[in-house]
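Note that the protein sequences, when read in sequence, are chains C and Y. Each residue of the first sequence is one higher than the one before, starting from 3 at the first, in our numbering. Each residue of the second sequence is one higher than the one before, starting from 27 at the first, in our numbering. The beta carbon of each residue, even a glycine, is placed where N, CA and C say it ideally should be. None of these values were measured; they are calculated from a predicted model.
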Amino acid sequence: SQQGEEDPQALSIQEGENATMNCSYKTSINNLQWYRQNSGRGLVHLILIRSNEREKHSGRLRVTLDTSKKSSSLLITASRAADTASYFCATDTEYGNKLVFGAGTILRVKS
Amino acid sequence: NAGVMQNPRHLVRRRGQEARLRCSPMKGHSHVYWYRQLPEEGLKFMVYLQKENIIDESGMPKERFSAEFPKEGPSILRIQQVVRGDSAAYFCASSPLIQGRGTEAFFGQGTRLTVV
Chain C
3 SQQGEEDPQA LSIQEGENAT MNCSYKTSIN NLQWYRQNSG RGLVHLILIR
53 SNEREKHSGR LRVTLDTSKK SSSLLITASR AADTASYFCA TDTEYGNKLV
103 FGAGTILRVK S
Chain Y
27 NAGVMQNPRH LVRRRGQEAR LRCSPMKGHS HVYWYRQLPE EGLKFMVYLQ
77 KENIIDESGM PKERFSAEFP KEGPSILRIQ QVVRGDSAAY FCASSPLIQG
127 RGTEAFFGQG TRLTVV
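Structure, rendered in structure tokens:
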């Protein structure tokens with residue numbers, strides 16, 4: 003199965019609410035990254051958190067990493083309709099940045 | 027500095043034809059990765075290349091698929107004798123060389139291959 007697995011598979015919220023997505027993985031990692039993909043488009047890098055970090059912020063995004071539980075969460079605060087997209091976590095376990103992706107969470111923000 | 031450029035964006039091939047997908051990495055990036063995304067799924071790693079070298083092709087099907095990254099020019103993912111199951115979005119990513127730890131990979135917009 004995939005190294006990274008996100009939950010929930012789909013999330014529907016109202017504009018202004020917060021959205022939390024979780025990711026679990028199986029093996030030890032060097033870092034974990036979150037990407038966004040709008041329908042039919044490429045991936046946009048959101049944030050990278052290294053294995054020795056526990057929390058990272060970028061604008062309305064907050065990422066946590068718990069290596070003991072092999073899990074990460076992505077929090078989007080004050081969501082906007084433009085945040086509607088699929089969100090993927092990806093782990094990097096080897097030198098050279100080969101990424102292993104989860105199946106993604108589909109987020110829908112209703113205005 | 028242009029981003030990762032992939033072309034074509036959309037490609038339609040009949041069963042049995044060949045598909046060639048091109049990827050030009052970001053300027054200064056010497057590492058290229060190819061991923062495949064089936065509908066409603068995440069991206070699956072296919073191959074990792076540096077200039078003139080295949081570093082890791084553990085995700086490539088054993089037959090019909092090949093990849094190269096020549097000294098000059100873009101990286102090419104080649105699929106021979108395409109079948110309907112090859113229909114997918116193919117993404118290329120590039121990254122600079124960072125010793126010891128991974129780094130952010132920059133993705134192209136993808137090539138959507140449809141086999142009819």
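- For Asn54(C), there is no enclosing beta strand (DSSP E), as DSSP marks it with neither H nor E.
- Excluding the 5 residues flanking it on each side, Gln135(Y) has same chain C-beta neighbours closer than 7 Å at Gln32 and Arg35, in chain order.
- Along the stretch 31-43 of chain Y, there is no position whose C-beta sits under 7 Å from a C-beta of chain C.
- Under the Cβ criterion of 8 Å, Ala105(C) is counted among the residues facing chain Y.
- Gln35(C) belongs to the set of residues whose beta carbon lies under 8 Å from a beta carbon in chain Y.
- Out of Ala28(Y), Arg40(Y), Val141(Y) and Ser56(Y), the CA that lies nearest to the CA of Ser121(Y) is found in Ser56(Y).
- With contacts defined by Cβ atoms closer than 8 Å, Ile49(C) and Trp36(C) form a contacting pair.
- Interface residue (Cβ-Cβ distance to chain C less than 8 Å): Glu94(Y) is not classified as such.
- If you ignore the 5 residues before and after Glu44(Y), its C-beta comes within less than 6 Å of the C-beta of Gln106, all in its own chain and listed in chain order.
- Classified as exposed, Arg41(Y) has fewer than 16 neighbouring CB atoms from the shown chains inside 10 Å of its CB.
- Interface flag for Ala114(Y) against chain C is unset, since no Cβ pair is found closer than 8 Å.
- A direct Cα-to-Cα measurement between Ala92(C) and His59(C) gives close to 17 Å.
- Beta bridge pairing from DSSP links Gln76(Y) with His57(Y) and Asn79(Y).
- DSSP places Arg40(Y) in the coil class of the three-state scheme, outside both helix and strand.
- The Cβ of Lys28(C) sits no closer than 8 Å to any Cβ of chain Y.
- Judged by DSSP in its simplified three-state form, Arg82(C) adopts coil rather than helix or strand.
- Distances from the alpha-carbon of His47(C) to those of Leu139(Y), Val141(Y) and Val30(Y) put Val30(Y) closest.
- The stretch 111-118 of chain Y makes contact with the stretch 54-74 of chain Y: 3 or more CB pairs, one atom from each, lie closer than 8 Å.
- DSSP lists Arg52(C) and Asp94(C) as the bridge partner or partners of Asn33(C).
- Here the alpha carbons of Lys71(C) and Val38(Y) stand approximately 44 Å from one another.
- Contact annotation for Arg43(C) against chain Y: Gln135 and Gly136 [CB-CB distance below 8 Å, chain order].
- Not a single CB atom of chain C sits nearer than 8 Å to the CB of Ala28(Y).
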